[in-house]
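Line order of the protein sequences matches chains A and B.
Position one of the first sequence corresponds to residue 2 (this note's numbering), numbered consecutively onward.
Position one of the second sequence corresponds to residue 718 (this note's numbering), numbered consecutively onward.
Notes follow once the structure below has been shown.
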Amino acid sequence: MKIQKNKLHIIKSIFFVLLLTPLIRLIILGINDALGANPIETVERSTGYWALFFLLISLSITPLRLTVKISWPIHIRRMIGLYSFFYACLHAVTYFWLDHWFDWQEILNDIFKHPYVLVGFLSLLLLIPLAITSTNKMMKAMGRWWKRLHCLVYFIAVLSILHFLWLVKKDITEPALFAIIFALLISIRIFHKRIRLNAPKDSPR
Amino acid sequence: MKINNSEIIPASEITPYETYMGRRDFIRAASAALMTAPFLSFNSEVSAATSASLFGYTKSSYGADEKLTSYNEVTNYNNYYEFGTSKSDPALESKDLETHPWTVSIEGAVKKNKQINLDDLLKLAPLEERIYRMRCVEGWSMVIPWIGIPMSKLIQWAEPTSNAKFIEFVSLADQSQMPGVRTNILDWPYTEGLRMDEAMHPLTILAVGLYGKLLPNQNGAPLRLVVPWKYGFKNAKSIVKIRFVESMPKTSWVKAGPKEYGFYANVNPMVDHPRWTQSTERRIGGGLFTPRIKTKLFNGYAEQVAHMYTGMDLVKNF
């Protein structure tokens, strides 16, 4: 299924606004003083949730093509990935600023004493090179190293899910759902890679 | 055991004479009303409305120096897993909880097992208001004007034997009324416990109200424990059974995570939790731009309670 250029432009614009809605929602709630009794926690949880959500969406583009043969989303994959990074940054800014007021000693303590903070911090750091190298120019300049570097995204996804899992007190429903979806996406890829490897050499790819 | 009141009330907080007299008048009027009316009208109409007012309690000066957390926040941001694991679940899911009639069983190391209904329990001592800080193990805190009776009064009435070293508090676990109890998120019924001296301590109360009103269901109606120097989960809600026992009870959160939650659970900024920092806390009600505040040892009640733990390793006995 090919898509015309002008149509693609519309799709991109729609998704650009769509992926901005979680932030718009938070801003509207904030203005109306409706973020609940613990507004900092609400913002922290919400931005973190959407960062992980969009990360998994960006990872589902290829499985989507492999299973149901829908391939146009590849054109918005970079945008989704960058949105994930954007929400991760908002998440981190909330943590450093609103939650801890740049009290670095307290923050360092938190990072090294609490495993969930450490893995969250790591996945944020690892997202930075991916975001920087996300341009066409970088892609060309890096050649095959680009793909190798961007394989880090799987590791980041694992760290982020662990971050969520270790954060919750007792009810692990939500992080478990994320973990299941991630496992499903990975198995689709592995399954198809096997088929491809087992197929005769001259078969179309 | 005496409480050192002079340490609790700063001079600036001493009630002006006029207000004091006004308060006396109110209490006199209220007492007069009580002569003719039942002490607390717990008829079904009253208990159906969570906003029903309580009368005839004495205002206390405990913690009067701190800004109260709003009623709205106290009643809409709750941990009460019997009604769900989200903070907003209890207010939504507890509306239909039947809290009248309510009977509490007194069992174990007592002269005689007995039961007491709520109305009789409230006659054991005059109702008092206690403004306490409440520090949750998750790193947030509130200041709540509770209304209740000292726990010690119930203990005296229960007549424990010399074998009673600890008290176990058991909460209601009714699947038909509590959706959370249908899941196995915790080992139901919710169980908490105190050492005998902790339970006898004058700061420990059984609360039946807050903000001058009957305890809303989401806050543990009709009867809950309040132990202000311990993390919030120690405050068992909707208590149906009080057992006097010889050895330390296995409490719900200790069973759920023995490395994370201890029996004592005294607020202590020096003893970190595997997940949450305990050196600071966020006071609910501050909005987006209010920094955290420092957490105090024993939640600021060290003056009154520290002596009970002398010689004890607070890191080991967290």
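Note that CB positions come from ideal geometry on N, CA and C, so glycine has one too.
Kindly say whether residue i, judged by its beta-carbon, lies nearer than 9 angstroms to any beta-carbon of chain B.
i	result
valine 44/A	yes
isoleucine 162/A	no
tryptophan 167/A	yes
tryptophan 105/A	no
leucine 99/A	yes
alanine 93/A	no
tyrosine 117/A	yes
glycine 49/A	no
arginine 206/A	Note on arginine 206/A: pLDDT 49, under 50, position unreliable in the model; the coordinate value appears next. Cβ-Cβ to chain B under 9 angstroms: no for arginine 206/A.
alanine 38/A	yes
isoleucine 41/A	yes
leucine 170/A	Reading off the sequence shown, one finds lysine at residue 170/A, where the question assumed leucine. Lysine 170/A counts as touching chain B.
tryptophan 102/A	yes
lysine 114/A	yes
asparagine 137/A	no
asparagine 199/A	no
Looking only at its chain, what residues have a beta carbon closer than 8 angstroms to the beta carbon of residue i, apart from the 5 residues adjacent to it on each side?
i	result
serine 964/B	Lys882 and Phe883
methionine 140/A	Thr134 and Trp147
serine 777/B	Glu845, Glu846, Arg847 and Ile848
threonine 802/B	Gly897 and Ile902
isoleucine 959/B	Val821, Ser822, Ile823, Glu824, Leu871, Ala875, Ile884, Glu885, Phe886 and Val887
If you run the structure through DSSP and keep just helix, strand and coil, what is residue i?
i	result
glycine 1003/B	coil
glycine 979/B	coil
methionine 851/B	strand
glycine 910/B	strand
methionine 80/A	helix
tryptophan 993/B	coil
alanine 765/B	The predicted model places alanine 765/B with a pLDDT of 38, which falls under 50 and marks its position as unreliable, so this point remains unresolved.
serine 787/B	coil
glutamate 42/A	helix
serine 770/B	strand
leucine 20/A	coil
Within the same chain, show all residues whose beta-carbon is closer than 7 angstroms to that of residue i, passing over the 5 residues directly before and after it, in chain order.
i	result
methionine 913/B	Ala881, Lys882, Phe883 and Ile884
leucine 903/B	Tyr798, Ser969 and Ala973
glycine 979/B	Val971, Asn1034 and Phe1035
histidine 990/B	Val854 and Glu977
valine 988/B	Gln995, Leu1031, Val1032 and Phe1035
alanine 89/A	Ala52, Leu125 and Leu128
Less than 6 angstroms between C-beta atoms, sequence neighbours within five positions excluded: which residues of the same chain meet that for residue i?
i	result
glutamine 832/B	Thr820 and Ser822
threonine 736/B	Only weak support exists for where threonine 736/B lies, its pLDDT of 47 falling under 50; the value from the coordinates is given anyway. For threonine 736/B, where only same-chain residues beyond five positions count, there are no Cβ hits under 6 angstroms.
proline 807/B	Asn795, Tyr797, Phe800 and Gln935
arginine 145/A	none
glutamine 892/B	Val898 and Arg899
lysine 171/A	none
leucine 99/A	Ile41
threonine 921/B	Met868 and Val944
Using the DSSP secondary-structure output, state which residues sit across from residue i in a beta bridge.
i	result
lysine 947/B	Asn983/B
alanine 924/B	Gly865/B and Arg941/B
asparagine 834/B	Thr820/B
phenylalanine 103/A	None, per the DSSP bridge assignment.
glycine 877/B	Note that residue 877/B is proline in the sequence shown here, rather than glycine. According to DSSP, proline 877/B bridges with Val827/B.
glutamate 846/B	Ile864/B
lysine 6/A	Partner(s): none; lysine 6/A has no beta bridge.
phenylalanine 883/B	Arg912/B and Val962/B
methionine 859/B	Met851/B
Beta-carbon of residue i versus every beta-carbon of chain A: anything under 9 angstroms?
i	result
glutamate 1020/B	no
arginine 1009/B	yes
tyrosine 788/B	no
leucine 839/B	no
phenylalanine 1006/B	yes
tryptophan 857/B	yes
isoleucine 902/B	yes
tryptophan 993/B	yes
glutamate 941/B	Here the sequence assigns arginine to residue 941/B, which means glutamate is not the residue at that position. Cβ-Cβ to chain A under 9 angstroms: no for arginine 941/B.
isoleucine 1001/B	yes
alanine 890/B	no
asparagine 793/B	yes
tyrosine 798/B	yes
serine 811/B	no
Please decide whether residue i counts as near chain C, where near means a Cβ-Cβ distance under 9 angstroms.
i	result
alanine 953/B	Any reference to chain C falls outside this structure, whose protein chains are A and B.
**Item:** the segment 109-129 of chain A / the segment 61-80 of chain A touching (three or more Cβ pairs under 8 angstroms)
**Value:** no
**Prompt:** Contact between the segment 780-790 of chain B and the segment 838-854 of chain B: three or more CB pairs below 8 angstroms?
**Reply:** Judged by Cβ distances under 8 angstroms, the segment 780-790 of chain B makes contact with the segment 838-854 of chain B, as three or more pairs qualify.
**At least 3 beta-carbon pairs within less than 8 angstroms: the segment 994-1007 of chain B vs the segment 110-119 of chain A** = The answer is yes - the segment 110-119 of chain A touches the segment 994-1007 of chain B, with three or more Cβ pairs under 8 angstroms.
**Prompt:** Do the segment 982-991 of chain B and the segment 946-954 of chain B touch if we need at least three Cβ pairs shorter than 8 angstroms?
**Reply:** Verdict: yes, contact present.
**Item:** Segment contact flag, the segment 38-45 of chain A with the segment 995-1014 of chain B, C-beta cutoff 8 angstroms, min 3 pairs
**Value:** yes
**Prompt:** Is the segment 49-59 of chain A close to the segment 155-167 of chain A, with three or more CB pairs under 8 angstroms?
**Reply:** With a cut-off of 8 angstroms, the segment 155-167 of chain A and the segment 49-59 of chain A count as touching, because enough Cβ pairs lie within range.
**Request:** Check whether the segment 926-935 of chain B touches the segment 866-879 of chain B, counting contact only when three or more Cβ pairs, one atom from each stretch, lie closer than 8 angstroms.
**Result:** By the Cβ criterion, the segment 926-935 of chain B is not in contact with the segment 866-879 of chain B, since fewer than three pairs of Cβ atoms, one from each stretch, lie closer than 8 angstroms.
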